[in-house]
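See structure below.
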Amino acid sequence: MCPEIELNCQKRESEVEQLLDSIVTLPTLPAVVTKITAIIDDPDSSINDVARLIAKDPPLAMKVLRLVNSAFYGMRNPVSSIAHAASLLGVNVLKNLVLTANICKAFGGLKGKQLFDRDAFWYHSVATGLLAKVMIRHSKKRSRSDPEEVFAAGLLHDIGKVILEQFLTDEFINIMNISEEEGISFYNAERRAECLSHSEIGAGLAERWKIPDPLVEAIRFHHAPLSGSSPSLMACVVSLADDCLHQMEKGPASPWALNPDILHAIELNPSASGEIRADFEEAMGDGELVEILTG
Ligand SMILES: [Fe+2]
Ligand SMILES: [Fe+2]
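First residue of the sequence shown? That's 23 in the numbering used here, and the numbers climb one at a time after it.
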């Protein structure tokens, strides 16, 4: 990155810091997520310690079990205990499950202003996570990424929009107006308005939440995944999934126009798109996952 661009990035990151510092009611992640991460990092702990921690929080345990038994995980036999889920899924999957279950909860309380359709927002967020997860499984680079983390990155990618709407309302309205009047995307309208973008704000929030760096970078670069010197695999796959879902909003049945540079970066064969679409539609089902996560 050239020094001028780097300096500009640092300046914008410190503007995001100032903004987030100024928000007293900024959503926080429940302590259980931090505790689970600490247990995982502790070499003396076991998967049973994680299971015990989740089981102590009955609403969370219930949500985790509903997720495990949803079409998303495709378990052949019903899973009825957290200990069983832990032994089947492993600690990493469980950690990300707890993270995703809590992200929606952390944002559920922000209902002051509703300037955009929140149900459609969560549907899009969950669908992006799901499609990105299906895509990474078809990529030749799949071994370099954890599919559960990819799902979490997709779920979180637009979270900065909620912060913009709730705490920078005038800017948010201005962006929406520009987008509508000029028929351009929300992201391009942000650039036109020269304000902080939802991707920068979302990444700043994720950093505060001490979410793993690859997820933070995926949020930061989901609209420009190839802009850095070494593109992030997760940013590329989230960007591709996001783009496909926007195409589906315009024409649900039309074939996807896939960005060849991103396909190349993640080593995904475009001929796999039919299978990816079928897997995605099956896992999305009738929106069960959205209902579990946001219910
Ligand atoms: Fe976005
Ligand atoms: Fe998006």
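The beta carbon of each residue, even a glycine, is placed where N, CA and C say it ideally should be.
- In this structure, alanine 128 sits near leucine 51, with a CB-CB distance shorter than 9 Å.
- A Cβ-Cβ distance of about 16 Å is found for the pair glycine 176 and leucine 227, leaving them out of contact under the 8 Å criterion.
- Distances from the alpha-carbon of serine 161 to those of Trp231, Asp63, Leu255 put Leu255 closest.
- Straight across, the Cα-Cα distance linking isoleucine 298 with methionine 157 is about 6 Å.
- Look at valine 86 here: in three-state DSSP terms it is helix.
- With fewer than 16 other CB atoms across the displayed protein chains lying within 10 angstroms of its CB, phenylalanine 138 is exposed.
- With fewer than 16 neighbouring CB atoms inside 10 Å of its own CB, valine 46 falls in the exposed class.
- In this structure, aspartate 301 has its beta carbon at no less than 8 Å from each heavy atom of ligand 1.
- Methionine 198 carries a helical assignment under DSSP once its states are collapsed to helix, strand and coil.
- The set of residues with CB atoms less than 5 Å from any heavy atom of ligand 2 reads, in chain order, Asp180, Asp264.
- Two segments are said to touch when three or more pairs of C-beta atoms, one from each, lie closer than 8 Å; by this definition the stretch 202-220 does not touch the stretch 140-150.
- If you keep only unbroken alpha helix (DSSP H) runs of at least 4 residues inside the stretch 161-245, you get 169-178, 182-189, 191-204, 208-215, 220-230, 235-242.
- The C-alpha of glutamate 271 is placed about 15 Å away from the C-alpha of glycine 309.
- Setting aside the 5 residues that flank it on each side, alanine 107 is surrounded in the same chain by Val90, Val101, each with a C-beta closer than 6 Å to its C-beta; the list follows chain order.
- Of the other Cβ atoms in all chains shown, 16 or more fall within 10 Å of the Cβ of histidine 220; this residue is therefore buried.
- At a threshold of 8 Å, phenylalanine 208 counts as near ligand 1, since its beta carbon sits closer than that to one of the ligand's heavy atoms.
- The stretch 30-37 and the stretch 110-125 do not touch, with fewer than 3 CB-CB distances between them shorter than 8 Å.
- In the three-state scheme derived from DSSP, where H, G and I count as helix and E and B as strand, arginine 34 is classed as helix.
- Residue burial annotation: glycine 224 is buried, with at least 16 other C-beta atoms found within 10 angstroms of its C-beta.
- Assignment of tyrosine 95 by DSSP, reduced to helix, strand and coil, places it in the coil class.
- Cβ-Cβ distances below 6 Å link alanine 77 to Ala83, Ile104 in the same chain, with the five nearest sequence neighbours on each side left out; the list follows chain order.
- Using a cutoff of 8 Å, the CB of serine 221 counts as near ligand 1, since one of the ligand's heavy atoms is closer than that.
- In this chain, the alpha helix (DSSP H) harbouring phenylalanine 302 covers 295-306.
- For alanine 142, the secondary structure class from DSSP, reduced to helix, strand or coil, is helix.
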